[in-house]
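Each number in our numbering comes from the position in the sequence shown (counting from 1) with 562 added on. As structure tokens, the structure follows; a few thoughts come after it.
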Amino acid sequence: MAEWRSVSGALYGIRNSKAYLVLAATASAVAASQHQHQHKHAHLHDRAVYTHTDVVATATVFQANGTPISKDEACQGVAEGHYLGLGGWSGIQSPTYGVDAITDIVTAISGGSCKEGDLCSYACPPGYQKSQWPTTQGSTGQSVGGIECSGGKLKLTNSALSKTLCIEGVGGVSATNKAGKVVAICRTDYPGTESETIPVELQSGDTQPLAVPDASSYYTWQGKSTSAQYYLNPPGYSAEEACQWGSSDTPIGNFAPTNFGVGYSAGKTWLSIFPNAPTTDVEYPGTIEIQGDNLSGSCKYSNGKFESDTGTSTTGCTVAVISGSATFVIS
């Protein structure tokens with residue numbers, strides 16, 4: 563269950579005592595957005611809404627008209643509830659611009675804040691994905707993403723795609739937790755820091771949507787379309803514990819044993835399950851199966867093996883969703 567809290571004209575959506583970043587210039591704009599974003603898989607109160615303005619107004623940083631409260635506080639304290647110690651952001655990048663590309667990127671660590679010139683990324687609720695990243699990207703293939711702190715104000719970097727901070731994916735894909743314990747699924751913050759810091763947390767018995775990027779309109783890397791990558795952590799770890807950069811001592815975060823690939827291309831949604839190799843050789847301690855209304859085949863993981871219509875593999879399996887919906891069933 564979620565509740566909406568209004569603070570000086572901004573809303574923060576609280577779900578399961580964790581806050582997603584929700585920015586709004588005025589309460590009326592939020593009310594209009596709430597009406598537009600009702601989703602067939604969830605009640606309205608389970609959805610976060612985002613501003614339709616090019617300059618983002620926030621409760622803790624800006625007045626309702628976008629005027630900075632003070633120069634020192636500008637672009638800081640925007641999102642409450644994200645656990646990385648970055649003032650609520652899922653990632654902060656400080657780029658150095660060359661003639662036609664970014665030549666160097668410094669990524670903030672815990673304790674950092676969004677400052678002038680930074681690109682500041684954010685987490686969206688399940689089923690939604692970040693819409694903001696600049697046209698100028700890294701000269702050697704690095705990605706950058708988020709909204710920009712410029713002139714003491716937060717500004718959209720990709721208003722041509724959307725003037726909302728989060729957009730829905732194609733839809734029709736979810737994850738269901740039948741493992742008996744909490745399960746954390748972490749999407750890579752991409753384009754951006756490329757760390758697994760975008761959380762989807764499922765309590766036992768929960769089903770949550772997974773955002774599916776459309777290859778024809780979402781981020782392209784060096785002219786090539788991209789899909790979403792999710793990290794599935796072993797049952798028993800919360801999103802706050804698992805959805806961040808970790809170490810090989812514990813099989814979570816970037817060392818989680820299993821990945822999901824999710825994307826939409828050529829009129830079909832493509833779903834895959836594969837091991838997080840070569841990062842780790844730890845096996846997922848359960849079963850994962852893609853179930854759906856009309857799939858091109860089968861894809862299931864169990865006991866270190868991936869099973870499909872074509873046989874058994876150790877490298878993964880993929881199916882297309884021909885029609886209807888599909889679910890990653892985790893047990």
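Glycine included, every Cβ here is placed at the ideal spot set by N, Cα and C.
Buried versus exposed, by CB contacts within 10 Å (16 or more), residue i
| i | result |
| --- | --- |
| Asp871 | exposed |
| Asn865 | exposed |
| Thr877 | exposed |
| Leu726 | A small correction: the amino acid at residue 726 is Thr; Leu does not occupy that position in the sequence shown. With 16 or more Cβ atoms within 10 Å of its Cβ, Thr726 is classed as buried. |
| Ala804 | buried |
| Ala888 | buried |
| Gly653 | buried |
| Val668 | exposed |
| Ala746 | buried |
| Pro840 | exposed |
| Ser721 | exposed |
For residue i: DSSP bridge partner residues
| i | result |
| --- | --- |
| Pro761 | Cys748 |
| Asn681 | The question names Asn, yet the displayed sequence has Leu at residue 681. Per DSSP, Gln655, Glu710. |
| Ala888 | Val735, Gly854 |
| Cys861 | Ser870 |
| Gly823 | Gln791, Ser834 |
| Ala882 | Trp832 |
| Leu772 | DSSP output for Leu772 lists no bridge partner at all. |
| Tyr690 | Glu730 |
Option in the options with minimal Cα separation from residue i
| i | options | result |
| --- | --- | --- |
| Ala737 | Leu833, Ile884, Asn856, Phe868 | Leu833 |
| Gly829 | Tyr752, Gly653, Val883 | Val883 |
| Ile850 | Ile814, Pro771, Lys740 | Lys740 |
| Gln765 | Cys728, Phe822, Pro797, Thr702 | Pro797 |
| Gly731 | Val824, Ala722, Thr841, Lys862 | Val824 |
| Ser858 | Gly886, Ser683, Phe836 | Gly886 |
| Tyr793 | Phe822, Asp751, Gly647 | Phe822 |
| Ser656 | Tyr690, Tyr645, Lys786, Gly707 | Gly707 |
| Thr755 | Leu646, Lys867, Cys879 | Leu646 |
| Cys686 | Val891, Arg749, Pro696 | Arg749 |
| Tyr780 | Gly679, Trp651, Ser693, Thr658 | Ser693 |
| Asp751 | Thr658, Asp843, Trp695, Lys786 | Trp695 |
For residue i, the three-state DSSP class (helix, strand or coil)
| i | result |
| --- | --- |
| Ala737 | strand |
| Asn816 | helix |
| Ala804 | helix |
| Ser779 | coil |
| Trp695 | coil |
| Tyr846 | coil |
| Ser893 | coil |
Own chain partners of residue i with C-beta closer than 6 Å, once the 5 adjacent residues on each side are dropped
| i | result |
| --- | --- |
| Ser810 | Phe817 |
| Pro688 | Val762, Gln770, Pro771 |
| Glu869 | Lys862 |
| Asp776 | Val732, Tyr826 |
| Ile814 | Asn795, Tyr799, Ala804, Gly808 |
| Gly873 | none |
| Thr880 | Ser834 |
| Tyr846 | Pro819, Thr820 |
| Lys867 | Thr874 |
| Leu681 | Gln655, Val706, Gly708, Glu710 |
| Pro837 | none |
Contacts around residue i, its chain only, beta-carbon distance under 8 Å, and the 5 residues preceding and following it disregarded
| i | result |
| --- | --- |
| Gly703 | Trp783, Gln784 |
| Gly734 | Val774, Thr831, Val883, Gly886, Ser887, Ala888 |
| Asn856 | Val883, Ile884, Ser885, Gly886 |
Contacts around residue i, its chain only, beta-carbon distance under 7 Å, and the 5 residues preceding and following it disregarded
| i | result |
| --- | --- |
| Ser893 | Lys740, Ala741, Gly848, Thr849 |
| Ala593 | Low confidence applies here, because Ala593 scores a pLDDT of 28, under 50, leaving its location unreliable; read the following figure in that light. For Ala593, where only same-chain residues beyond five positions count, there are no Cβ hits under 7 Å. |
Chain C within 9 Å of residue i, Cβ atoms only
| i | result |
| --- | --- |
| Ser860 | Of the protein chains in this structure there is only one, and it is not chain C. |
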